[in-house]
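Reading through the structure tokens given below for one structure.
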Amino acid sequence: MMEKVLQTFESFPVQKFLDGKSAWTGQVLKVDLSSGEMRVDRQGEDFYRRYLGGRGVILYYLLNETPPGVDALAAENLLIFAPGLLTGTVLPGSGRHAVGGKSPLTGALASGEAGGFWGAELKRAGYDAIVISGKAQTPVYLWIRDGKVEIRDASHLWGKLTADAQDIIRAELGDKNIRTALIGPAGENLVRFASVMHDVNRAAGRSGLGAVMGSKNLKAVAVRGSMNVGLANKEVLDETLKWILSGYKTMMGWAIKYGTPGSVRYNHDSGGTAINNYRDSALEGIEQLEAKSYFPKFVTARDTCYRCPVRCKTVVNYRGEGANIEGKYGGPEYETFGALGPLCRINDPVAVAKANELCAAYGLDTISSGGTVAFTMECAEKGLLHGFDFVPEFGNGASLIESITRIARREGIGDWMAEGSARMAQKIGKNAIEMLAVAKGQELPLHDPRMKNATALGYALSPTGADHMHNLLDNFANFPDSDVTNRLKEMGIDAPLPLFGLSDEKIKAYMYEVAVKHVFDSAVICQFYPYEYRHLCAALSAAGGWEVSIQEVHQIGRRIAIMARQYLLREGFTVQDDTLSARAFYRLKDGPIAGRGLTIQELKQGVQRYFELMGWDDRGVPPPNIS
Amino acid sequence: MKEKQIKAIIQVERLPGEPRQSIEVVAGVTILEALASVGVSLQQPVVALVNGKTSDMNYVVRPGDYVVLLPQIAGG
Ligand code: SF4
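Going down the list, the protein sequences come from chains Z and V.
Using numbering that gives the first Met the number 0, the first residue of the first sequence is number 0, and each one after it goes up by one.
Using numbering that gives the first Met the number 0, the first residue of the second sequence is number 0, and each one after it goes up by one.
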């Protein structure tokens with residue numbers, strides 16, 4: 000029998016972490032899968048104060064330890080798992096971590112955050128981050144337990160669906176509470192939008208990090224920790240904890256009741272969801288996807304993240320005609336509903352929920368999956384695809400499900416789709432390019448840029464390609480006392496802001512909010528909590544033991560925005576890439592957002608104004624030596 | 000008849016499944032002012048649909064308008 004353990008290593012956190020007086024362990028684990036060598040970067044207070052963790056740490060290592068222009072699927076790319084300063088602390092909503100690297104989908108930054116428990120578990124096992132380089136000769140997985148690390152054989156796991164692989168890992172290590180980050184067949188087959196799944200149902204979904212993991216022959220990272228993530232200064236957090244625990248039921252009533260699926264109908268009705276690959280203003284039969292009809296039939300339980308009382312996640316169990324759906328894979332979130340439903344003109348909740356389950360089992364990003372399938376459906380509709388035994392069709396749920404499987408296995412048209420819609424369009428030609436809805440090659444999330452114009456600017460400027468999470472959603476800034484509006488007012492912005500358009504004030508607001516979101520994703524905490532500055536400052540101060548002001552929050556957010564821009568420029572992107580593809584400018588003739596949307600010129604002006612506000616030149620180049 | 004001309008209807012949708020509220024308001028003020036004038040408070044951000052078109056919260060309500068307020072929750 001083959002030796003299961005290939006390499007071992009151990010290292011332990013700084014004493015104050017072991018004593019429960021620090022939120023950081025001081026250890027970044029470095030694993031070179033080519034040589035099997037493991038070591039630790041010892042980091043101190045200065046490092047955590049500058050970068051916090053998460054996206055900040057991802058960018059730090061990408062900029063310092065990868066050669067410019069490296070192929071995202073080459074051994075030299077890094078795969079970085081990075082919880083943040085707040086991950087695993089007593090703060091509710093702190094069960095998150097970031098995963099990053101160079102994206103095989105876009106060639107830009109890949110930086111995705113996942114909820115659940117894995118990030119907190121890694122810190123409890125004694126590490127603030129893992130930086131993985133190289134490529135193992137045969138499939139392996141990492142097993143991390145309280146400072147001890149093993150590289151183990153994973154030949155028997157290769158090819159397995161995520162839940163099956165997780166079951167085997169837990170069984171062979173003899174602990175059913177092990178937390179896993181793992182890829183499915185899509186990551187192994189280098190699908191350019193494969194996700195990294197955590198405990199099978201939480202995705203670091205976007206930008207193809209699952210393919211980076213697959214390219215390294217790394218099937219999983221299993222973790223188990225029993226240390227406590229402490230705080231340097233507990234009392235500072237008391238007021239914030241009181242505010243959350245006494246108010247979350249009201250503040251987050253929407254999340255408790257239906258979670259993000261509760262917004263499917265309203266976003267559709269207000270023009271926020273793209274339909275039929277951006278060409279329609281309404282989806283016939285949308286009521287079937289509406290929470291009040293969907294929940295009783297599909298949602299059998301609710302789930303949560305580390306220390307979060309909100310429980311916004313859904314568990315879908317379904318036995319019925321057409322499909323069986325297993326609860327272990329969770330349930331679709333709003334974005335998934337939008338991408339696999341209306342975008343593909345599908346109103347069948349069984350098809351959407353089944354496709355979501357398959358995305359989790361194969362390890363696929365649901366947004367890019369839906370975006371690419373909808374794009375392919377339109378190519379098929381226009382007769383641009385020849386010689387395939389199968390092509391998907393708008394409104395046909397079975398063809399959506401078949402597409403997901405074919406993408407993961409790279410079969411037939413699935414092999415084209417696995418490259419993402421932008422590469423596919425290049426292959427097909429000009430007619431197909433007209434149908435693309437991407438930014439920097441990444442499929443747009445389901446917040447229609449024609450309705451949300453700051454979001455459009457954010458899609459164009461994001462260092463990861465289109466993303467809604469490090470962005471400003473105009474509707475929240477248009478409302479008098481949303482968390483966004485309240486944060487903006489504190490920055491001196493005259494909020495609420497107009498719903499439509501890109502006023503100067505709105506671009507400024509976008510700049511501030513992006514900085515704050517970089518802090519959220521570096522700290523790494525849940526963005527559903529309506530944190531205001533005083534809470535964010537208190538949490539960071541309590542964790543770090545240094546006093547963090549609003550000004551410092553912005554200094555950190557700005558630093559990360561600059562690092563992200565430097566990374567983009569270093570990887571060969573130019574201001575020409577800070578834009579959106581054709582479909583974002585396609586005008587609807589009827590419905591709630593008829594005739595709405597930015598022109599290319601307005602978007603360009605917005606990009607230039609953002610550069611100016613950031614102190615960058617007209618190519619978006621930050622001045623040298625700023626930090 | 001005259002009475003009708005200066006009024007508009009605002010329909011407030013709550014979370015899915017919860018009863019909606021239909022309110023008659025006086026035209027000539029913004030949606031938010033109209034709500035305040037009848038003492039209705041919103042628990043979460045909304046987007047306004049005015050006669051079927053997505054509109055700004057500072058839209059000034061005109062006589063005969065039919066305004067629907069749709070709750071907006073964070074995406075993800
Ligand atoms: S609100 Fe939802 S996503 Fe956020 S931490 Fe809680 S359960 Fe997780």
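C-beta atoms are modelled at their ideal positions from N, C-alpha and C, and glycine is treated no differently.
Annotation: the continuous alpha helix (DSSP H) that includes Z:Val372 extends over 365 to 380. Of the candidates Z:Val13, Z:Glu377, Z:Pro462, the residue whose Cα lies closest to the Cα of Z:Val228 is Z:Val13.
Not one beta carbon of chain Z lies nearer than 9 Å to the beta carbon of V:Ile9. The Cβ atoms of V:Leu34 and V:Ile22 lie closer than 9 Å to each other. Assigned with DSSP and collapsed to three states, Z:Asp480 falls in coil, not helix or strand.
A straight-line Cα-Cα distance of about 8 Å links Z:Leu62 and Z:Gln565.
Comparing C-alpha distances from Z:Thr578 to each of Z:Pro448, Z:Gln554, Z:Trp615, Z:Gly35 shows the shortest one belongs to Z:Pro448.
Across the set Z:Lys256, Z:Val139, Z:Ala560, the C-alpha of Z:Lys256 shows the shortest separation from the C-alpha of Z:Val309. The beta-bridge partner set that DSSP reports for Z:Ala465 is empty. Taking C-beta atoms under 8 Å as the contact rule, Z:Phe584 and Z:Thr598 qualify, at a distance of about 7 Å. Against Z:Tyr530, chain V offers no close residue; the least beta-carbon distance is about 12 Å (beta-carbon pairs closer than 7 Å).
When the beta-carbon positions are compared, Z:Arg205 and Z:Ala109 come within less than 9 Å of each other. Around the CB of V:Tyr65, fewer than 16 other CB atoms lie within 10 Å, so the residue is classed as exposed.
Taking 9 Å as the cut-off, the beta carbon of Z:Ala541 is found no closer than this to the beta carbon of Z:Leu51.
In the DSSP annotation of this structure, Z:Ser502 is not part of any beta strand (DSSP E), being labelled neither H nor E. In terms of CA proximity to Z:Arg38, Z:Val148 leads the group Z:Trp615, Z:Val148, Z:Lys122, Z:Leu78.
Here V:Val37 is exposed. Its C-beta has fewer than 16 other C-beta atoms within 10 Å. Z:Ser368 sits buried, since 16 or more C-beta atoms from the chains shown fall within 10 Å of its C-beta. For V:Lys6, the enclosing beta strand (DSSP E) covers residues 6 to 11. A distance below 7 Å between beta-carbons, with the five flanking residues on each side excluded, links Z:Ala354 to the following residues of its chain, in chain order: Leu339, Leu399, Ile400, Ile403. Contacts with chain V at 9 Å (Cβ-Cβ) do not include Z:Met196.
Along the segment 301 to 325 of chain Z, none of the residues has a CB nearer than 8 Å to a CB of chain V.
Bounds of the alpha helix (DSSP H) holding Z:Thr249 are 237 to 250. The count of Cβ pairs closer than 8 Å, one atom from the segment 212 to 229 of chain Z and one from the segment 430 to 439 of chain Z, stays below three, leaving the stretches out of contact. Between V:Pro44 and chain Z, the shortest Cβ-Cβ separation is below 9 Å. Within the same chain, Phe11, Met226 come within 8 Å of Z:Leu17 by CB-CB distance, once the 5 residues on both sides are set aside. Residue Z:Leu121 holds the alpha-carbon nearest to the alpha-carbon of Z:Gly83 among Z:Val69, Z:Thr65, Z:Leu121, Z:Ala107. With a contact defined as Cβ atoms closer than 8 Å, Z:Ala113 and Z:Val130 miss out at about 17 Å.
Close partners of V:Asp55 in chain Z (Cβ separation under 8 Å): Asn477, Pro497, Leu498, Phe499.
Between the alpha carbons of V:Ile5 and V:Tyr58 lies a distance of about 16 Å. Not a single heavy atom of ligand 1 lies less than 8 Å from the C-beta of Z:Lys122. Comparing C-alpha distances from Z:Ile324 to each of Z:Leu357, Z:Arg301, Z:Leu282 shows the shortest one belongs to Z:Leu357.
Note that the C-beta distance between Z:Leu383 and Z:Gly428 is below 9 Å. For Z:Ala128, the pairing in a beta bridge is given by DSSP as Z:Val27. Taken atom to atom, the span from the alpha-carbon of Z:Glu320 to that of V:Ile72 is near 32 Å.
With a threshold of 9 Å between beta carbons, Z:Trp242 makes no contact with chain V.
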